[in-house]
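Notes follow once the structure below has been shown.
Protein chains: 2
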Amino acid sequence: MLMSRERQASLRAEVPLDVESKTVAIIGGEGGMGRSLNTLFSDLGHDVSSADLQTPLRPADAAAAADVVIISVPIRETRGVIEQLGPLVRKEALLMDVTSIKTDPMAAMLASTEASVVGTHPMFGPGVNTFQGQRVVICPGRGDAWLDWARQMFTARGLVISEATPDKHDSMMAIVQVLHHFKTQVLGMALSRSGASLEETLHFTSPAYLLETYVTGRHFAQSPDLYGPIEMLNPDSNRVIETFCKAAADLADIVAAGDQEAFNQVFADVRAFFGEFTDEALEQSGFLIDRLVELSAGRSST
Amino acid sequence: MLMSRERQASLRAEVPLDVESKTVAIIGGEGGMGRSLNTLFSDLGHDVSSADLQTPLRPADAAAAADVVIISVPIRETRGVIEQLGPLVRKEALLMDVTSIKTDPMAAMLASTEASVVGTHPMFGPGVNTFQGQRVVICPGRGDAWLDWARQMFTARGLVISEATPDKHDSMMAIVQVLHHFKTQVLGMALSRSGASLEETLHFTSPAYLLETYVTGRHFAQSPDLYGPIEMLNPDSNRVIETFCKAAADLADIVAAGDQEAFNQVFADVRAFFGEFTDEALEQSGFLIDRLVELSAGRSST
Numbered sequence: 614m615l616m617s618r619e620r621q622a623s624l625r626a627e628v629p630l631d632v633e634s635k636t637v638a639i640i641g642g643e644g645g646m647g648r649s650l651n652t653l654f655s656d657l658g659h660d661v662s663s664a665d666l667q668t669p670l671r672p673a674d675a676a677a678a679a680d681v682v683i684i685s686v687p688i689r690e691t692r693g694v695i696e697q698l699g700p701l702v703r704k705e706a707l708l709m710d711v712t713s714i715k716t717d718p719m720a721a722m723l724a725s726t727e728a729s730v731v732g733t734h735p736m737f738g739p740g741v742n743t744f745q746g747q748r749v750v751i752c753p754g755r756g757d758a759w760l761d762w763a764r765q766m767f768t769a770r771g772l773v774i775s776e777a778t779p780d781k782h783d784s785m786m787a788i789v790q791v792l793h794h795f796k797t798q799v800l801g802m803a804l805s806r807s808g809a810s811l812e813e814t815l816h817f818t819s820p821a822y823l824l825e826t827y828v829t830g831r832h833f834a835q836s837p838d839l840y841g842p843i844e845m846l847n848p849d850s851n852r853v854i855e856t857f858c859k860a861a862a863d864l865a866d867i868v869a870a871g872d873q874e875a876f877n878q879v880f881a882d883v884r885a886f887f888g889e890f891t892d893e894a895l896e897q898s899g900f901l902i903d904r905l906v907e908l909s910a911g912r913s914s915t
Numbered sequence: 614m615l616m617s618r619e620r621q622a623s624l625r626a627e628v629p630l631d632v633e634s635k636t637v638a639i640i641g642g643e644g645g646m647g648r649s650l651n652t653l654f655s656d657l658g659h660d661v662s663s664a665d666l667q668t669p670l671r672p673a674d675a676a677a678a679a680d681v682v683i684i685s686v687p688i689r690e691t692r693g694v695i696e697q698l699g700p701l702v703r704k705e706a707l708l709m710d711v712t713s714i715k716t717d718p719m720a721a722m723l724a725s726t727e728a729s730v731v732g733t734h735p736m737f738g739p740g741v742n743t744f745q746g747q748r749v750v751i752c753p754g755r756g757d758a759w760l761d762w763a764r765q766m767f768t769a770r771g772l773v774i775s776e777a778t779p780d781k782h783d784s785m786m787a788i789v790q791v792l793h794h795f796k797t798q799v800l801g802m803a804l805s806r807s808g809a810s811l812e813e814t815l816h817f818t819s820p821a822y823l824l825e826t827y828v829t830g831r832h833f834a835q836s837p838d839l840y841g842p843i844e845m846l847n848p849d850s851n852r853v854i855e856t857f858c859k860a861a862a863d864l865a866d867i868v869a870a871g872d873q874e875a876f877n878q879v880f881a882d883v884r885a886f887f888g889e890f891t892d893e894a895l896e897q898s899g900f901l902i903d904r905l906v907e908l909s910a911g912r913s914s915t
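Chains as they are written, first to last, in the working numbering: chain A, 614 to 915; chain B, 614 to 915.
Here you go:
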């Protein structure tokens, strides 16, 4: 890949001076996330190779040779690939994954090898413009030296690190990802089944509706092959989804009954949950609303 | 109210030169929306009076005297106030309301008086910084001259006008408002019942989760007395809410069954509904995501 001199210079400056170049093998290196990881580690001065189904470099050879072996394959393939390649990873090397679920891949990695193990979940898609400020969750597995190395590398690229056990990660992602994806999907389904056309509703849009519709439209432009496994394989999914469906049924009853008192109690309960965060929400959403007023005004009236 | 010379000058420039000053009585003029309407019509050069429960001016006297009588009272009070004051409105005057539901208030207005009637739904809260670009839905009732006047006034203040029958308005608002408010409320309820603390989840936030959480926090900072009637009194509410709950149950089944094929079909169906709007959604949400990456990075990691 060609880089401008300026970009090379600025990237070199990011590499901690006392870090030596490692060989990094990305299994699934031709996928979107694989290529993103390639950029991330190459720019830090490491010697990155990509092994995928169609590459001349075979995954088994890459896994046996590299200092760092990163499993970046579809969620449903992850355990199988780990069980196949883990035993080949050198004992002094690092086996790492980037799966959106952490309990099962971590258990598979720890069982498959005596090498160091670090689980990660980069919370951004392959299409991001910059790593700066993106979040990555790290699950410590085995081996402190490589754990420190992983922290250093992500920090050097400006990523924000959250650390958690695999269980904690998955229970948090059941809320941060599963609950919110599920909600967006249900909204999209309800809209598409409403009998109205989208264009028609947009003639009557409020800024809030336009925002939700952008978020929903964006969601469904992504691949269901990404979201399906995240929702189906998270061990906490069904609990969270049941909570959502129960809340919907409860609120539907309240609205159908016209029970304003119960409706007020819902607001009181949820407000208590949000607590002081409400102030931040009001402040930060203000700029969004202003921008969206402009956008919704731009959509012509009938 | 004191105004700078500059503001007075710019506001005078907004008034169409051939429009004469009218007397405008706002029934419920001391409420948030009433005060907002007072500003809107005063700044256009009209002679605005406010009649409310505590004002020296009695609503009945105001309604009998004014050229334009605007009903701006809580939704649940609207029909009663219209039935009481409508018969007092002069035949050559305009009776107008600003209720978020349109079928019932329009029927009440048309039945209560022989005056001209225009229904409106200003789709913004009392707290907005500017009328410019905000949307107002107008439902023509009776009398073309006053209908034109209402259009002129809102246009002069930079509002975007959508026109619809009361039925169409309510069916569109069942989607634009009811469905989205309901979804946000269910999400807030599910979050508050999830067993996790909000602060804990924010240590693992993605930009998308932060955005949703701002939107949800903002929603619950508003009054349930506003949202309750909008959801309970819209004639299309129950149909839309049932569609939402059915979609949630369908998707819950698909996720619990691990049925990726059915999940893909959901995406295909919703994507077809969104159609070309998807491109706009991707483009316009890009700027939001970038800003939210900064904000979520600003929230410290554990």
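Glycine residues also receive a C-beta, built at the ideal position from the N, C-alpha and C atoms.
In this text the structure is predicted, and so the values were computed from the model without any measurement.
- Every alpha helix (DSSP H) stretch that sits fully inside the stretch 746 to 819 of chain B and reaches 4 residues is listed by chain position as 757 to 769, 779 to 786, 793 to 805, 811 to 815.
- Looking at the DSSP output, Gly-732 of chain B shares a beta bridge with B:Asp-710, B:Cys-752.
- Considering only A:Leu-760, A:Asn-851, A:Cys-858, the residue with the shortest C-alpha distance to Asp-783 of chain A is A:Asn-851.
- Residue pairing by DSSP places Ala-664 of chain B opposite B:Ile-640 in a beta bridge.
- At a C-beta separation below 8 Å, Thr-856 of chain A has these neighbours in chain B: Ala-803, Arg-806, Ser-807.
- Annotation: Cβ neighbours of Val-853 of chain A in chain B (cutoff 8 Å, chain order): Ala-803, Ser-807.
- DSSP places Val-682 of chain A in the strand class (E or B) of the three-state scheme.
- Residue nearest to Val-731 of chain B within the set B:Asn-742, B:Gly-746, B:Gly-699 is B:Gly-699 (criterion: CA-CA distance).
- In this model, Asp-866 of chain A and Ala-870 of chain B are separated by some 27 Å (Cα to Cα).
- Leu-815 of chain A places its beta carbon 8 Å or farther from that of Leu-901 of chain B.
- For the pair of segments examined, the stretch 804 to 811 of chain A was found not to touch the stretch 753 to 768 of chain A: the number of CB pairs separated by less than 8 Å stays below three.
- Taking a C-beta distance under 8 Å as the contact criterion, Ala-728 of chain A and Arg-703 of chain A qualify as a contact pair.
- Counting other Cβ atoms within 10 Å of its Cβ, Leu-666 of chain A stays below 16 and is therefore classed as exposed.
- Under the 8 Å Cβ criterion, the stretch 706 to 717 of chain B counts as touching the stretch 679 to 696 of chain B, having at least three qualifying pairs.
- Burial of Gln-790 of chain A is indicated by the presence of at least 16 other C-beta atoms within 10 angstroms of its C-beta.
- In this structure, DSSP gives Arg-852 of chain A a helical state, which the three-state scheme calls helix.
- Flagged as an interface residue toward chain A: Thr-818 of chain B, by a C-beta distance shorter than 8 Å.
- Contact annotation for Gln-873 of chain B against chain A: Arg-689, Pro-837, Asp-838, Gly-841, Pro-842, Met-845 [CB-CB distance below 9 Å, chain order].
- The Cβ of His-659 of chain A sits no closer than 8 Å to any Cβ of chain B.
- In its chain, beyond the 5 residues on either side, Val-828, Thr-829, His-832 have a beta carbon closer than 7 Å to the beta carbon of Thr-797 of chain A.
- For Arg-648 of chain B, there are no CB contacts under 6 Å within the same chain when 5 residues up- and downstream are skipped.
- DSSP places His-832 of chain B in the helix class (H, G or I) of the three-state scheme.
- Counting along the chain, Asn-651 of chain A sits inside the alpha helix (DSSP H) bounded by residues 645 to 655.
- DSSP, reduced to helix, strand and coil, places Val-702 of chain A outside both helices and strands of the structure shown, so it counts as coil.
- Taking CB atoms only, Thr-652 of chain B has no neighbour in chain A less than 8 Å away.
- Against chain A, the beta carbon of Met-785 of chain B has neighbours under 9 Å at Ala-809, Glu-813, Thr-814, His-816, Phe-817, listed in chain order.
- A direct Cα-Cα distance of roughly 14 Å separates Ala-679 of chain A from Glu-633 of chain A.
- By alpha-carbon distance to Asp-872 of chain A, the top candidate from B:Glu-889, B:Ala-809, B:Ser-662, B:Tyr-840 is B:Tyr-840.
- In the assembly as shown, Pro-669 of chain B is an exposed residue. Its beta-carbon has fewer than 16 other beta-carbons within 10 Å.
- Across the set A:Ile-683, A:Met-786, A:Thr-778, A:Asp-882, the C-alpha of A:Met-786 shows the shortest separation from the C-alpha of Leu-846 of chain A.
- For Phe-880 of chain A, the enclosing alpha helix (DSSP H) starts and ends at 873 to 887.
- Straight-line measurement puts the Cα of Pro-837 of chain B at about 6 Å from the Cα of Phe-880 of chain A.
- Close partners of Gly-830 of chain A in chain B (Cβ separation under 7 Å): Phe-887, Phe-890, Thr-891, Ala-894.
- The Cβ neighbour count for Asn-651 of chain A, taken over all protein chains shown within 10 Å, is at least 16; the residue is labelled buried.
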